[in-house]
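Participant: Questions regarding the structure given below will be posed in turn.
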Amino acid sequence: FSTIQEAINNASPGSVIYIKSGVYYEKISINKELTIIGLDTGSGPPVINGNGTGTIIFVSANKVCLKNLIIINGSYWGVGLGCSYTSIVNCTIKNVPTGICSASHNSIINCTISDVETGIVSGYNCSIINCTISSDKWGIRAESLNRIVNCSLTGYGIFLLNSFDLNIENCVVNGLPII
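First residue of the sequence shown: 2, per my numbering; consecutive thereafter.
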């Protein structure tokens, strides 16, 4: 396929799509259960470049996994999750106003987010684990029932919005532990 979106459009639900190293100038919409894995074929993980416009990846289907991708240069969200039970794993997101905007019941694991105003906006009952976020404003804006573990943040740290039953463990903001 000549684009990632073309591969997505032609995949059956439940398929795994492998993306080779290279720079892909496109925005992606995922509307079915898929696993998308970036493969380093010699020149680093694949880069999805949004050309400075809009949301780079928008996921509307549940049970999607994005893994080993570099996502850069959007004017809204790096990744928008209008879904549940989706995972973003080992991804780098930068040069967007908001790195990830997540609905409920999603997982963000081992991600690096930088050159953003806000790193992650998290709905209810999400897990944010082993992430490094460098932001101009909020590292994480979280609602209730979130689990935030082993994260390193710069900027204003964690903003709690109508939050209860949060589990924040072993996180630091600007080099200082959250107590």
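C-beta atoms are modelled at their ideal positions from N, C-alpha and C, and glycine is treated no differently.
Would you check if the distance between the CB atom of residue 43 and the CB atom of residue 22 is smaller than 8 Å?
Facilitator: Yes, the pair counts as a contact, with Cβ atoms nearer than the cut-off.
Participant: Assuming residue 146 and residue 171 are in contact, meaning their beta carbons sit under 8 Å apart, how far apart are those beta carbons, in whole angstroms?
Facilitator: The pair is not a contact, with the Cβ atoms about 19 Å apart (cut-off 8 Å).
Participant: Residue 38 and residue 25: beta carbons closer than 8 Å?
Facilitator: Not closer than 8 Å, so no.
Participant: Compute the distance between the beta-carbons of residue 5 and residue 49, then report whether it is under 8 Å.
Facilitator: Going by C-beta atoms, residue 5 is nearer than 8 Å to residue 49.
Participant: Does DSSP classify residue 7 as helix, strand or coil?
Facilitator: Residue state, collapsed to three classes: helix.
Participant: Considering just the uninterrupted stretch of the beta strand (DSSP E) at residue 139, what are its terminal residues?
Facilitator: Element bounds for residue 139: n/a, residue is neither H nor E.
Participant: According to DSSP, is residue 70 helix, strand or coil?
Facilitator: In this structure, residue 70 counts as coil in the three-state DSSP scheme.
Participant: What separation, rounded to the nearest whole angstrom, lies between the Cα atoms of residue 76 and residue 94?
Facilitator: Looking at the two C-alpha atoms, the distance is approximately 13 Å.
Participant: Which residues bound the beta strand (DSSP E) around residue 25?
Facilitator: Its beta strand (DSSP E) spans residues 24-26.
Participant: Can you tell which of 70, 168, 161 and 100 has the C-alpha that lies nearest to the C-alpha of residue 40?
Facilitator: Ranking the options by Cα distance to residue 40, first place goes to 70.
Participant: Going by beta-carbon coordinates alone, are residue 154 and residue 174 separated by less than 8 Å?
Facilitator: Against a cut-off of 8 Å, the Cβ pair of residue 174 and residue 154 comes out as a contact.
Participant: Counting only the same chain and skipping the five closest in sequence on each side, list residues whose C-beta sits under 7 Å from that of residue 85.
Facilitator: The residues are 63, 104, 105, 106 and 107.
Participant: Does residue 76 come out as helix, strand or coil in the three-state DSSP assignment?
Facilitator: Residue 76: coil per DSSP, three-state reduction.
Participant: In terms of alpha-carbon separation, which member of 149, 143 and 150 lies closest to residue 164?
Facilitator: Of the listed residues, the one whose Cα sits closest to residue 164 is 143.
Participant: Return yes when the Cβ of residue 111 is within less than 8 Å of the Cβ of residue 131, no when it is not.
Facilitator: Contact flag set, yes.
Participant: Quick one: is residue 120 buried, meaning 16 or more other Cβ sit within 10 Å of its Cβ, or exposed?
Facilitator: Residue 120 should be labelled buried.
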